[in-house]
Amino acid sequence: MTTQIGHRAVVLGASIAGLLAARVLSEAYAQVIVVDHDHLPGTAAPRRCVPQARHTHVLIERGQQVLEELFPGFTDDLVARGVPTLDNVRDVRWCLSGHRFPQPESGMTVVSASRPYLEGCVRARVSELPGVTLADRCDAAGLTMTPDHRRVTGVRVIRRADGSAEEVLDADLVVDATGRGSRAPTWLAKMGFESPEEEKVQVGLGYTTQIYRAPAPGLGSDLGVVIGPTPDAPRGGALQLLEGNRFLVTLMGMLGDYPPTDPDGFLDFARTLPIPDLCDVVRDAEPLERPRSFRFPASVRRRYERLSRFPAGFLVTGDALCSFNPIYAQGMTVAALEAITLRRHLQRVTEPHPRTFFRDVAKVIDVPWDMSVGADLAFPDVIGARSPKMRIANAYIPRLHAAAAHDPVLATTFIRVAALVDRPERLMSPGTVLRVLRQNLPGPARRAHHPAPDQVNGVNAP
Ligand SMILES: Cc1cc2nc3c(=O)[nH]c(=O)nc-3n(C[C@H](O)[C@H](O)[C@H](O)COP(=O)(O)OP(=O)(O)OC[C@H]3O[C@@H](n4cnc5c(N)ncnc54)[C@H](O)[C@@H]3O)c2cc1C
Numbered sequence: 001m002t003t004q005i006g007h008r009a010v011v012l013g014a015s016i017a018g019l020l021a022a023r024v025l026s027e028a029y030a031q032v033i034v035v036d037h038d039h040l041p042g043t044a045a046p047r048r049c050v051p052q053a054r055h056t057h058v059l060i061e062r063g064q065q066v067l068e069e070l071f072p073g074f075t076d077d078l079v080a081r082g083v084p085t086l087d088n089v090r091d092v093r094w095c096l097s098g099h100r101f102p103q104p105e106s107g108m109t110v111v112s113a114s115r116p117y118l119e120g121c122v123r124a125r126v127s128e129l130p131g132v133t134l135a136d137r138c139d140a141a142g143l144t145m146t147p148d149h150r151r152v153t154g155v156r157v158i159r160r161a162d163g164s165a166e167e168v169l170d171a172d173l174v175v176d177a178t179g180r181g182s183r184a185p186t187w188l189a190k191m192g193f194e195s196p197e198e199e200k201v202q203v204g205l206g207y208t209t210q211i212y213r214a215p216a217p218g219l220g221s222d223l224g225v226v227i228g229p230t231p232d233a234p235r236g237g238a239l240q241l242l243e244g245n246r247f248l249v250t251l252m253g254m255l256g257d258y259p260p261t262d263p264d265g266f267l268d269f270a271r272t273l274p275i276p277d278l279c280d281v282v283r284d285a286e287p288l289e290r291p292r293s294f295r296f297p298a299s300v301r302r303r304y305e306r307l308s309r310f311p312a313g314f315l316v317t318g319d320a321l322c323s324f325n326p327i328y329a330q331g332m333t334v335a336a337l338e339a340i341t342l343r344r345h346l347q348r349v350t351e352p353h354p355r356t357f358f359r360d361v362a363k364v365i366d367v368p369w370d371m372s373v374g375a376d377l378a379f380p381d382v383i384g385a386r387s388p389k390m391r392i393a394n395a396y397i398p399r400l401h402a403a404a405a406h407d408p409v410l411a412t413t414f415i416r417v418a419a420l421v422d423r424p425e426r427l428m429s430p431g432t433v434l435r436v437l438r439q440n441l442p443g444p445a446r447r448a449h450h451p452a453p454d455q456v457n458g459v460n461a462p
């Protein structure tokens with residue numbers, strides 16, 4: 001269905017959030033221009049302005065469902081191009097709260113592409129849409145407004161060519177998707193608007209990533225590894241298969257415990273993880289690039305929905321609105337869910353109203369934000385208010401993980417919630433709580449689950 005709300009929408013930022021916003025805007029605006037100050041490569045090469053893309057980037061199940069909804073056949077296309085697919089429980093060695101999960105078939109099949117490749121495929125799909133133009137090397141420098149400051153009328157841009165002067169791109173709607181460094185609060189403040197309240201949770205997270213030639217030594221038929229940091233051992237890691245016969249290993253540390261980038265230090269760090277799987281891989285695999293690091297100081301949520309005054313014709317989405325601790329792999333999926341929210345607003349065939357849009361996306365953000373911030377606040381040194389509900393959850397989840405180590409149903413239940421397929425309440429359902437209690441009881445009442453050989457895929461469960 002094509003609706004026509006306005007002549008031109010301009011999206012600032014051509015990364016995942018901006019591209020997905022452009023996808024839905026193309027159903028409602030005759031022209032959609034997506035500007036990005038980076039060079040947008042024709043291939044799936046990493047980009048200078050999206051440095052996080054060199055590190056593990058998992059598109060969780062819910063995000064994949066939304067990409068499929070927006071681009072029918074997207075998953076099959078990736079598979080046809082040789083991108084690995086995997087069952088997110090059966091094929092992945094999960095170790096959470098120090099407990100290795102069994103690996104039953106879950107039916108949650110996800111594609112395992114590198115972030116640059118995934119973005120490149122989304123970009124190719126978006127650039128084929130009628131009316132959509134991608135303008136790279138084009139810096140958004142500010143907004144233009146009506147004299148009474150009630151409405152945004154366009155964007156001031158500077159094309160990054162020699163001798164370029166500032167120019168104005170008029171627009172009926174401007175969407176800011178410039179990521180966590182968004183300057184929208186400053187632009188709005190200059191126009192006399194209040195800045196949105198910022199909620200920040202300092203996690204002092206560091207990633208170091210190295211890419212290797214596949215196959216990963218010692219992984220057998222498994223296709224991924226996830227080791228979550230715990231309050232007692234704030235280090236973790238992940239192994240992700242990539243297109244092009246490669247895989248990456250990301251090591252991570254919270255609260256300033258950053259993984260080193262030199263080979264010996266990288267291996268030593270891997271050696272300290274609660275299961276040896278990543279260390280074994282790192283020791284024997286063939287590196288293809290030097291390790292790179294990334295620092296993520298804090299999760300940040302900007303509360304635009306709480307502002308009492310906001311100009312018409314301007315929206316904010318993606319990391320510019322909320323940037324999550326990446327260890328929970330939620331950012332791209334939340335950006336996709338925000339695009340779906342925008343689409344629902346556009347289907348009303350009137351210009352999206354900022355306040356109702358921000359209110360609705362706040363509801364989309366609430367669950368993943370509470371999940372990730374709640375889990376971060378299980379670390380005693382992470383500063384923030386701990387509600388009674390959060391304290392209960394943080395006492396319960398490690399017990400659930402312990403029980404899941406012996407119960408394939410619980411393992412799948414937890415991963416479905418983490419993949420944003422099911423709501424977190426599912427973890428507190430009477431059936432789930434009973435299974436957790438049963439496994440945590442001492443003595444004979446505890447029903448041991450001995451994973452079948454095909455559930456551990458040839459490796460010993462701890
Ligand atoms: C280390 C790390 C690992 C992550 N892992 C995962 C994961 O496993 N799974 C997951 O779902 N998410 C993950 N994320 C989050 C994910 O990267 C983002 O949520 C996702 O990219 C959506 O972000 P975005 O499009 O809003 O912003 P970004 O990806 O940051 O892109 C912003 C875009 O705006 C452009 N831009 C910025 N300023 C301007 C300007 N003034 N003018 C023009 N263009 C501009 C930039 O060039 C860029 O293209 C991770 C994040 C980090 C930091």
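Counted the way the numbering used here counts, the sequence shown spans residues 1 to 462. Glycine included, each C-beta is placed from N, C-alpha and C at the ideal position. Since the model is a prediction, treat every value here as computed from it, not as a measurement.
Rounded separation between residue i and residue j - CA only
i, j, result
"residue 322", "residue 162", "34 Å"
"residue 449", "residue 410", "Because the pLDDT of residue 449 is 43, which lies under 50, any placement of that residue in the model is unreliable, and the number read from its coordinates should be weighed accordingly. Approximately 11 Å between the Cα atoms of the pair."
"residue 476", "residue 128", "The chain is shown from 1 up to 462; residue 476 falls before or after that span and cannot be answered."
"residue 90", "residue 415", "11 Å"
"residue 224", "residue 167", "47 Å"
"residue 43", "residue 221", "30 Å"
"residue 54", "residue 114", "8 Å"
"residue 144", "residue 152", "6 Å"
"residue 316", "residue 218", "45 Å"
"residue 191", "residue 149", "7 Å"
"residue 170", "residue 133", "14 Å"
"residue 362", "residue 342", "12 Å"
"residue 329", "residue 440", "28 Å"
"residue 457", "residue 438", "Residue placement at residue 457 is flagged as unreliable, the pLDDT there being 35, under the threshold of 50; a coordinate-derived value is accordingly withheld."
"residue 277", "residue 267", "12 Å"
"residue 154", "residue 420", "35 Å"
"residue 474", "residue 428", "Because residue 474 is not part of the residues shown, which for the chain are 1 to 462, the question remains open."
"residue 130", "residue 310", "31 Å"
"residue 117", "residue 243", "8 Å"
"residue 159", "residue 135", "9 Å"
"residue 265", "residue 25", "47 Å"
"residue 172", "residue 142", "15 Å"
"residue 165", "residue 40", "21 Å"
"residue 384", "residue 398", "20 Å"
"residue 51", "residue 332", "15 Å"
"residue 84", "residue 241", "7 Å"
"residue 188", "residue 195", "7 Å"
"residue 45", "residue 147", "43 Å"
"residue 312", "residue 30", "19 Å"
Cβ distance (whole Å) where residue i is taken to contact residue j below 8 Å
i, j, result
"residue 56", "residue 250", "4 Å"
"residue 5", "residue 349", "6 Å"
"residue 34", "residue 18", "6 Å"
"residue 275", "residue 100", "6 Å"
Best match in the options for proximity to residue i [C-alpha to C-alpha]
i, options, result
"residue 394", "326, 231, 329, 421", "231"
"residue 493", "388, 119, 140", "Nothing about residue 493 can be read from this structure; the chain reaches only from 1 to 462."
"residue 227", "193, 389, 29, 271", "271"
"residue 339", "221, 70, 218", "70"
"residue 157", "266, 106, 137", "137"
"residue 390", "372, 310, 308", "372"
"residue 104", "423, 366, 405", "405"
"residue 177", "334, 363, 229", "334"
"residue 206", "331, 256, 332", "256"
"residue 67", "278, 229, 119", "119"
"residue 204", "16, 401, 344, 295", "295"
"residue 345", "424, 402, 27, 398", "27"
"residue 336", "399, 22, 12", "22"
"residue 424", "159, 366, 241", "366"
"residue 299", "263, 273, 369", "369"
"residue 215", "246, 193, 189, 187", "246"
"residue 174", "364, 422, 351, 418", "351"
"residue 353", "314, 121, 87, 45", "314"
"residue 326", "402, 193, 229", "229"
Between the stretch 426-435 and the stretch 96-116, can you find at least three pairs of beta-carbon atoms closer than 8 Å? Taking a contact to require three or more Cβ pairs closer than 8 Å, the stretch 96-116 and the stretch 426-435 do not qualify as touching.
Could you say if the stretch 195-211 and the stretch 275-292 meet the contact criterion of at least three C-beta pairs nearer than 8 Å? yes
Touching by the beta-carbon criterion (3+ pairs, under 8 Å), the stretch 226-236 and the stretch 91-98: yes
Would you check if there are 3 or more beta carbon pairs closer than 8 Å linking the stretch 182-199 to the stretch 315-333? yes
Hey, is the stretch 354-363 in contact with the stretch 298-308, meaning 3+ C-beta pairs nearer than 8 Å? Verdict: yes, contact present.
Quick one: any contact between the stretch 71-81 and the stretch 118-134, if contact means 3 or more CB pairs under 8 Å? As far as the Cβ criterion goes, the stretch 71-81 touches the stretch 118-134, which means the pair count is three or higher.
Quick one: any contact between the stretch 375-388 and the stretch 59-68, if contact means 3 or more CB pairs under 8 Å? no
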